[in-house]
Every structure is written in C-alpha cells, then in structure tokens.
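Residue numbers (our numbering), protein chains in the order written: chain A, 1 to 463; chain B, 464 to 926.
2 protein chains.
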Amino acid sequence: MKRSPTPTRDTGANTPPIAVILAAGKGSRLEQIRNGTPKPALKLLGLSLAERTITTFSAAGIHRFFVVLGHEADQVRAHYQQIAARRHCDIEFVIAEDWKLGNGASALASAKKLDGTPFLLTMSDHLITPSLIERILLARPEQGEISLAVDRDKTGVFDVEDVTKVATSDDRVVGIGKSLEEWDAADTGVFFCTNALFDALRRAHKQEKYSLTDGVRNLAEAGKVNAVDVTGEEWIDVDTPEAFGEARRRLLASLTKGGQDGYVSQRLNRPLSTRLSAHLATTGITPNQITVISFLISLAGAGLLSVGMFATGVLGGLLVQAASVIDGCDGEIARLKHISSPRGAWLDTILDRYADMAVTLAVTFAYAAVHPGPLPWIIGFLAAFGFILASYVTKEFGIRMGEPYPNDVLNRLKRRDLRVFIICLGAVVGRPFEALTIAGALTHLCVIGVLIKGWKRSASPGR
Amino acid sequence: MKRSPTPTRDTGANTPPIAVILAAGKGSRLEQIRNGTPKPALKLLGLSLAERTITTFSAAGIHRFFVVLGHEADQVRAHYQQIAARRHCDIEFVIAEDWKLGNGASALASAKKLDGTPFLLTMSDHLITPSLIERILLARPEQGEISLAVDRDKTGVFDVEDVTKVATSDDRVVGIGKSLEEWDAADTGVFFCTNALFDALRRAHKQEKYSLTDGVRNLAEAGKVNAVDVTGEEWIDVDTPEAFGEARRRLLASLTKGGQDGYVSQRLNRPLSTRLSAHLATTGITPNQITVISFLISLAGAGLLSVGMFATGVLGGLLVQAASVIDGCDGEIARLKHISSPRGAWLDTILDRYADMAVTLAVTFAYAAVHPGPLPWIIGFLAAFGFILASYVTKEFGIRMGEPYPNDVLNRLKRRDLRVFIICLGAVVGRPFEALTIAGALTHLCVIGVLIKGWKRSASPGR
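Spelled out as structure tokens, the structure:
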C-alpha cells in the first residue's frame with residue numbers, strides 16, 4: 001500500500017518555511033575556475049551560485065534563510081549580505097565550527113537557530129527551479145520524518161558517477177549513497193526537514209560519520225524519509241568544472257524555450273542573441289540599457305534607410321536587423337540574472353513600436369522622394385498601421401477572451417522578427433520599399449486572420 | 464447584543480439556491496401601459512420585466528428558477544419558456560390556484576416543489592441588481608428563520624407611500640407593513656427563505672390573511688426574520704406607470720455611470736447616444752449591427768473628407784462625429800438588454816481602429832493633394848501612429864502592471880471621442896488637416912505621459 005506523505009495543515013503550515021543553505025564547504029574540485037573566489041560567490045553567467053539559489057527560493061515564495069558558513073566564512077557572509085540587500089530577503093548566518101568534518105556537521109550547526117518547525121534544506125551549489133521547490137513544499141513532513149526531492153529519470157542526471165543515488169520503495173527512501181548499486185532515483189539535494197534530521201545526524205556523528213547522507217540513511221533505514229518525486233524539473237549539482245559548463249549550457253538553452261518566438265527569431269535571431277547574451281551577462285550592462293541601445297541602432301538604421309541610396313540602404317537594413325537580434329538580449333539577460341521586471345517589458349514593447357514607425361517612415365520617405373504621388377505614402381501608411389495593429393490585436397484578444405493568443409502560424413507571420421528581416425533583405429537587394437509593401441500586406445492578412453479567429457472564438461448567444 | 468445571521472456552511476451551502484419568482488398577480492395598476500400584455504412580459508427598454516429578473520439572477524450565479532403562475536398563466540408560462548431557451552437557464556412552473564387571495568397564497572403554492580433547502584424568493588416585477596442578490600446570498604438563514612433584504616436609505620426609496628416598510632432592531636425585523644408608522648428600512652422584495660416561511664403563511668391563512676407580508680410579520684414577531692442590509696443597491700418595484708417611468712429613467716442614467724468616458728463623450732456623445740439607445744432598444748437591431756453601421760458611417764465620412772472640398776469636408780466631419788455618437792449605442796443597448804459579449808467588445812474595438820485609420824488617411828490625402836512634398840504625409844503618418852498607440856499603451860499598461868490604466872486627464876485627452884470631435888470641428892471650419900495635426904500632437908503628448916507614468920509605476924529593484 002502506498003503511504004503518502006500527508007501534508008499536515010496544523011501549526012505554521014501556511015507561513016512559508018525557512019530555507020537552510022549549506023555554504024560551508026571548500027569546493028576544492030572547482031578550485032581551477034574559482035581563482036580564489038569562494039564557491040558560493042562564483043559567478044555563472046553573471047550571477048553567483050549563491051544569488052541563483054536565493055532568487056530561485058524567492059520565486060517560490062521563500063524569503064527567509066539561514067546560511068551555514070565554514071570555509072572563508074567572512075567572505076561568504078559578506079557576499080550573502082550583499083544579496084540580502086539587493087534581493088530584499090532576510091538572511092541570518094550560523095558558523096559551523098567543524099565544517100571540515102563533513103556537510104552533516106555543517107547541517108547540524110543550524111539546529112540551534114531553528115525553533116522546531118519544519119524547514120527546507122539545500123546546498124549553495126545546487127541549481128534548481130522554483131517549481132521544484134513548490135513541489136517539495138507540498139510534501140510537508142510529519143513529525144519524526146523528512147522529505148527528499150528525488151529525480152526518477154536516471155538518464156537525465158548529469159554525472160551519474162558522482163550523484164547521490166537513492167533507492168525507494170513506493171514513496172519511501174530505503175537506501176541512499178553515492179556507491180549504491182541498486183537505485184531508482186537521484187538525490188536532488190533539496191529537503192523538507194523536521195528536527196528528526198538533527199537527531200539522526202547526532203546518531204551518525206557518534207559513529208564518526210559526518211556527511212548529510214549518513215544522517216539521511218539513518219532515517220531512511222527507519223522508514224522516515226519521504227521520496228518526493230520532482231522528475232522533470234531541471235537541477236544540477238555544480239561541484240566540478242564539467243558540471244559548471246553543463247549548468248551554463250543548460251541556462252543558455254533555457255532561453256530559447258517557451259515556443260513564443262517567430263520563425264526568424266527561432267532560427268537566426270535567438271541563436272545569435274543567446275551567444276551575445278552569454279558574454280553581455282558577465283558585464284555590468286543592464287537589460288534596460290540594451291533595450292535603449294537596440295532602439296538607438298534601429299533609429300540609426302532608419303536614418304540611413306531614409307537617405308535612399310543603395311549603400312546606405314544596405315547598411316541601414318543590416319543595422320535594423322542587428323537591432324532586432326540585440327533586442328532579444330535584454331530579456332535573455334534579465335532571465336539569466338533573475339532581474340526580469342514589468343518595467344523592462346514595458347520599455348521594450350513600447351520602444352519596439354516606435355522603432356517600427358521610424359523604419360516604416362524612413363523607407364516610405366526615401367521611396368516617395370523619387371516616386372511622386374500619394375501611392376507610396378498610402379502604402380507606407382497602411383504598412384505602419386498594420387504593424388502596430390498586429391501587436392494590438394493579440395493584446396486585445398488576450399484581454400477580451402481571457403487567454404493569450406496562441407503562437408500559431410498567423411501570429412508568427414505577423415511578428416516583428418519577420419517583418420524586420422524582410423525589410424533588411426529588401427534593403428540588401430536595393431528594394432526596401434517593395435519589401436515593406438510585402439511585409440505590410442502579409443501583416444494585414446494575418447491581422448484579418450486573427451480578427452476572424454477572435455470573432456469565432458467569442459461566439460456567444462444573444463448577440 | 465448584536466445577533467448576526469450566521470451563515471451555515473453545512474448542507475448545500477455551496478450549490479446556489481433555487482430562486483422562486485412570484486408571477487401570479489394581475490398587475491392591475493399597470494393596465495394602462497400593458498395593453499393586454501401580461502405584466503411579466505411587459506417590455507422595459509427592449510427587455511421584459513421577467514427577462515430582466517432572470518438575467519439579473521443569472522449574473523449572480525443563480526440559474527434554476529420556480530415561477531409561480533396565476534393570472535394569464537399560459538401566456539406567462541410561454542414567455543418564461545422563451546426566456547429559458549434564450550438564456551440557457553432552468554425554469555419550472557407551479558400554478559397557484561388561489562393566487563387571487565394574495566401573494567402569500569401564491570408563495571405558498573411553491574412549497575410542494577421545494578425540497579426543504581433554503582431558497583431565494585422575489586417578485587417578477589421587482590428590478591434589482593446582481594450585487595443585491597450576492598449580498599443576500601451571504602445571509603443564508605438558519606432553520607426556522609428567513610432573511611429579508613432591506614434598504615435603510617429612506618430618502619432613496621421611490622414611492623414612499625406604497626413601499627412595504629420595515630422596522631428593525633439591530634439586524635432583526637420587528638415590524639413590517641405598508642402602513643407602519645415607525646420604520647427605518649424598506650422591504651426590497653428579495654428574501655432568502657427556509658420552509659419556516661410556509662409554516663408562517665399557513666398560520667396567517669388560518670386568520671384569513673393572505674399576503675406575503677402577513678406571513679413575514681408572523682415570523683418577525685417571533686424574532687425569526689434577519690434584516691439584511693443592502694443599502695446602496697438599486698431596486699424598484701415596478702407596479703405603477705410612475706414606477707415604470709422611473710425604472711426607465713434609472714436604467715438610462717446607469718449607462719452614463721462608470722466614469723470611463725472621455726470629455727466629449729461625457730458631455731455630448733453620451734447624452735445623445737443614450738436618447739438614441741432608448742429608442743433603438745425597443746427595435747430588433749442588435750448591438751453588433753450598430754457597431755457595423757457606425758463603422759460604415761465613419762467610412763462614408765472618410766470618403767467625403769478625402770474629396771478635399773469645403774462642403775464635402777463639412778458633411779464628412781459631421782458624419783464622422785455622428786458615427787462616434789452612434790458608436791456609443793452598441794454597448795448601451797447590450798447593457799440595457801443584458802446581452803454584452805466579448806465578441807461585441809472585440810468587434811467594436813477593432814473597427815474603431817480601422818475607422819481612425821480611414822479618417823486619418825482621408826484627411827491627409829486631401830491635404831497632400833494640394834500641398835506637395837512629404838510633410839503632410841509625415842504628419843498624417845505620425846498622427847495615425849499616435850492614435851493607435853494611444854489605445855495600445857493603455858492595454859499594454861493593463862497587461863504589464865496587472866491593473867487597468869485609470870481614466871485620468873491623460874487618458875481622457877487621448878480618447879477617441881475627443882480626436883474625432885476635434886477633426887469634425889476642423890472640417891466644419893474648413894481646416895480638417897490642421898485639426899488632425901492638433902489631435903495627433905495632443906495624442907502623442909498624452910502617450911508620452913502614459914509611458915512616463917508606466918515607467919514610474921513599474922519601478923522595481925535590480926533593473
């Protein structure tokens with residue numbers, strides 16, 4: 001029979017638990033890339049491992065932390081204090097005097113700070129997701145027990161040699177250790193604990209066993225460890241240069257996910273912008289600065305396109321396309337550094353509209369200068385109207401229908417990445433206005449498609 | 464000590480109760496305006512009293528009804544059956560054989576249909592609001608008691624002579640009747656009842672008292688009637704020609720409420736459109752038909768404006784302004800007839816954008832025809848961009864900030880009603896393009912104001 005870790009809803013179950021973060025170890029295996037920086041302060045794509053952990057927990061609603069210090073305690077404390085100020089969270093510290101014995105000894109040092117209510121436990125060098133935390137939060141342990149987040153997908157585990165292996169029976173951990181032969185899940189390093197953990201660690205200490213795993217094994221043998229399945233969540237233990245590289249690769253890969261990109265963005269802009277973002281993330285440049293720079297490049301491109309000569313047109317078209325690539329970096333860096341904000345999204349969306357207008361006006365102006373009569377202007381006018389209407393209708397759809405417009409073919413064909421690319425191609429072959437006409441016509445057709453879809457979707461009686 | 468009507472949360476408290484509607488009476492006092500139509504089928508601004516009651520309850524989440532029939536039972540039943548089909552609700556009927564005795568006898572006829580769980584009770588000729596119903600739903604009566612929605616604002620009561628008066632002590636009804644001398648609240652005619660009402664009605668019947676009020680008085684004397692304060696909600700008992708006129712007046716007045724109108728809309732368009740809607744509501748024209756007609760009038764106006772002559776310009780400007788007035792009627796009629804829909808809002812918003820583009824293009828075209836060079840086109844281009852951006856930024860604000868942009872001065876100055884009016888005025892004095900320029904500049908300034916407001920509003924750390 002399956003025993004579920006019954007979520008108790010009595011004392012304090014509604015206030016989020018404190019998270020204890022073990023940051024006492026030396027991280028010797030990362031020495032070659034640390035260059036003297038303490039491991040928690042080691043930056044991965046512009047954000048230290050410590051700050052990644054804190055912001056991940058914040059995103060899951062956890063804002064109070066106890067950080068266990070050991071190796072280079074003063075430097076690590078100072079680093080976490082900066083994070084606390086920057087991220088508006090509450091971080092207290094505890095020194096693990098005998099951290100050298102093992103991470104069980106470090107964990108035990110936090111016992112005196114805790115008041116007996118269940119707490120989360122993790123390591124400063126484990127990168128996880130907010131939803132992994134949300135999943136273990138649902139498995140609040142009973143008194144005398146602890147919960148451990150495990151990943152049952154063995155094929156997805158990085159560095160199978162080094163991972164702590166877990167053997168489970170239904171939802172109970174029955175064995176744990178790096179050298180376990182029979183195992184069916186990996187230890188993600190995220191726990192939801194009661195004081196039972198400390199009792200178990202003390203028992204292990206008496207046998208001169210000082211790792212966290214020794215304590216957990218002690219409880220597992222008594223059937224007191226819930227295995228909480230978090231399969232499908234991204235997590236990685238960053239304790240070797242290889243794991244560091246893998247973590248970097250996964251973070252960059254995550255930027256292209258989401259399925260909201262257009263055709264050109266997916267195949268051209270995004271591959272280029274993520275490479276650029278990987279470099280820009282390590283600088284001090286902010287996402288909003290990138291948004292503004294991209295906008296200024298668009299304006300410069302528009303200025304060149306307005307001249308009406310072939311060479312300036314080519315350069316202008318390329319600049320506008322370059323700006324479209326760079327325009328992807330603001331959001332990417334915001335996500336890489338966990339600093340996404342409504343302000344950034346607001347600025348980005350609005351400046352994109354102004355950039356579209358500037359480019360359309362410039363291309364039309366240049367063409368109308370040598371083609372008198374109202375026709376070029378009417379076409380340019382309609383194209384500009386179509387471009388902004390394209391953004392407008394999907395927003396309006398979301399507001400009226402209560403769900404976002406899907407990223408279907410119509411949506412992709414009217415996205416900004418494609419129209420900018422078409423205009424750039426046109427400029428390169430000396431036909432920017434013709435390209436604008438095509439982009440405008442395509443956009444209007446797609447808008448009409450969205451309108452029809454909205455009309456059908458909103459069918460309702462009585463009207 | 465204050466005794467609150469404790470909302471019991473035991474049996475069936477989560478399924479919405481059935482509403483019993485008394486529709487058995489003759490409505491003799493309305494005879495002169497009924498012209499032979501049964502009272503519940505009497506249309507008020509395009510929607511019968513019966514349908515107004517049903518849709519109001521539907522809006523409050525009540526979709527099951529028992530209608531008590533008496534006078535002209537077959538005709539009234541047929542009318543309610545049409546409503547049930549049109550509004551997708553479940554209406555059953557019960558005949559009150561002795562309805563002529565009084566509305567207490569009618570109410571008692573429903574007893575056999577009810578299974579003992581609490582039910583709502585109202586009259587087919589009482590116009591109320593969904594929120595009044597939501598308020599009494601919170602006051603589920605205990606066994607042996609009933610709840611009565613009362614209005615404590617005596618000055619707001621229409622026809623104080625005729626209203627059923629209520630005397631309360633704290634939240635208990637202690638006296639009820641039309642001729643009560645000392646009273647502090649008015650009976651709105653909406654009850655949340657248990658079977659206790661039927662017992663009380665039977666007791667009253669034995670004393671040959673047959674009105675609903677007689678039964679309620681019987682319970683009130685035993686301290687079994689909760690007075691549920693619904694002060695502030697609109698309600699009216701439509702039983703005289705004067706009350707009918709007042710109900711009509713209030714419904715029309717409600718169309719101008721909401722505070723979301725622009726300056727021109729508030730003072731010119733809305734007063735005109737509500738008068739027009741009052742007539743249109745009684746015809747079979749649908750809101751979507753009005754939306755399309757208004758759009759076609761805008762297009763005709765644009766066509767005339769594009770000619771570039773003074774006389775056609777004046778006519779075009781007036782047509783565009785007339786379309787702007789008529790454009791208010793679609794939403795008004797939808798609200799008057801309780802047929803608002805996402806589809807209607809979707810169509811209206813999108814066609815407004817196309818109408819704006821047509822008018823801007825027409826005015827620019829006419830001016831550019833006699834003023835060569837790119838400047839007129841650039842101005843027209845920027846104006847059109849500003850007009851759609853004006854709608855775009857407030858939608859975007861709502862999406863990014865999680866709350867709608869307020870109807871502040873910036874918003875009112877960039878609303879469509881004002882720009883259409885400015886262009887109409889310009890056309891009337893022979894200067895439509897200059898007016899377009901002013902409207903465009905004003906709109907861009909307001910958009911910039913909204914952008915700054917959004918920027919400040921979205922201030923957040925880290926970015």
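All residues carry an ideal CB built from backbone N, CA and C; glycine is no exception. For clarity, every value in this text was computed on a predicted model and none was experimentally measured.
Remark: three or more beta-carbon pairs, one from each stretch, lie closer than 8 Å, so the region 152 to 168 of chain A and the region 237 to 246 of chain A are flagged as touching. Contact between S769(B) and A825(B) holds: their C-beta atoms lie close to 4 Å from each other, under 8 Å.
Beta-bridge partners assigned by DSSP to R527(B): D553(B).
M309(A) is outside the set of residues whose beta carbon lies under 8 Å from a beta carbon in chain B.
Within the region 177 to 245 of chain A, the runs of alpha helix (DSSP H) at least 4 residues long that lie entirely inside it are, in chain order, 196 to 206, 212 to 221. In summary, G764(B) is buried, with 16 or more beta-carbon neighbours lying within 10 Å of its beta-carbon over all protein chains present.
Among the CB atoms of chain A, none fall inside 8 Å of the CB of P593(B). Any Cβ of chain A closer than 8 Å to the Cβ of R879(B) would place that residue at the interface, and such an atom is absent. Around the beta-carbon of M357(A), 16 or more other beta-carbon atoms lie within 10 Å, marking it buried. Inter-segment contact for the region 591 to 607 of chain B and the region 663 to 671 of chain B is absent: fewer than three beta-carbon pairs are separated by less than 8 Å. Contact annotation: in the region 384 to 402 of chain A, residues whose CB is within less than 9 Å of a CB in chain B are A384, F385, I388, L389, S391, Y392, V393, K395, E396, F397, G398, I399, R400, M401, G402. T823(B) is positioned such that its CB atom lies no closer than 8 Å to that of W840(B). Of all C-beta pairs linking the region 637 to 657 of chain B to the region 683 to 697 of chain B, three or more are shorter than 8 Å, placing the two stretches in contact.
In this structure, DSSP gives R635(B) an extended state, which the three-state scheme calls strand. Sequence-ordered contacts of the region 418 to 452 of chain A with chain B read L451 [C-beta pairs closer than 8 Å].
Not flagged as an interface residue toward chain B: L114(A), since no C-beta distance is shorter than 8 Å. In terms of Cα proximity to Y263(A), the closest of P372(A), C193(A), V325(A) is V325(A). The beta-carbon separation of F421(A) and Q321(A), rounded to 6 Å, stays under the 8 Å limit for a contact.
Per the DSSP secondary-structure output, M586(B) pairs in a beta bridge with L485(B). For R680(B), the number of other beta carbons within 10 angstroms of its own is at least 16, and it is reported as buried. At a beta-carbon threshold of 9 Å, the residues of chain A lying near A831(B) are P374, W377, ordered along the chain.
Interface with chain B (8 Å Cβ-Cβ cutoff): R353(A) is included. Distances from the CA of R920(B) to each of V833(B), M864(B), P837(B), A706(B) were compared; the closest alpha carbon is that of M864(B). Per the coordinates, the alpha-carbon of L899(B) lies some 47 Å from the alpha-carbon of S254(A). Taken through DSSP and simplified to helix, strand or coil, E72(A) comes out as strand.
At a Cβ-Cβ threshold of 8 Å, V190(A) and L132(A) count as neighbours.
Within 7 Å of the CB of M123(A), no CB atom of chain B is found; the nearest one sits about 24 Å away. Here K165(A) is bridged, per DSSP, to G177(A), A186(A).
The criterion of a C-beta distance shorter than 8 Å is satisfied by L873(B) and V913(B). A334(A) sits close to P287(A), with the two beta carbons spaced by under 8 Å. Look at G843(B): its C-beta is under 8 Å from a C-beta on chain A.
According to the DSSP assignment, I851(B) belongs to the alpha helix (DSSP H) that extends over 838 to 864.
Distance from the CA atom of C329(A) to the CA atom of T37(A), rounded to whole angstroms, is 27 Å. In the three-state DSSP reduction, V620(B) falls in the coil class, being neither helix nor strand. If you ignore the 5 residues before and after D90(A), its C-beta comes within less than 8 Å of the C-beta of H63, R64, F65, A84, all in its own chain and listed in chain order.
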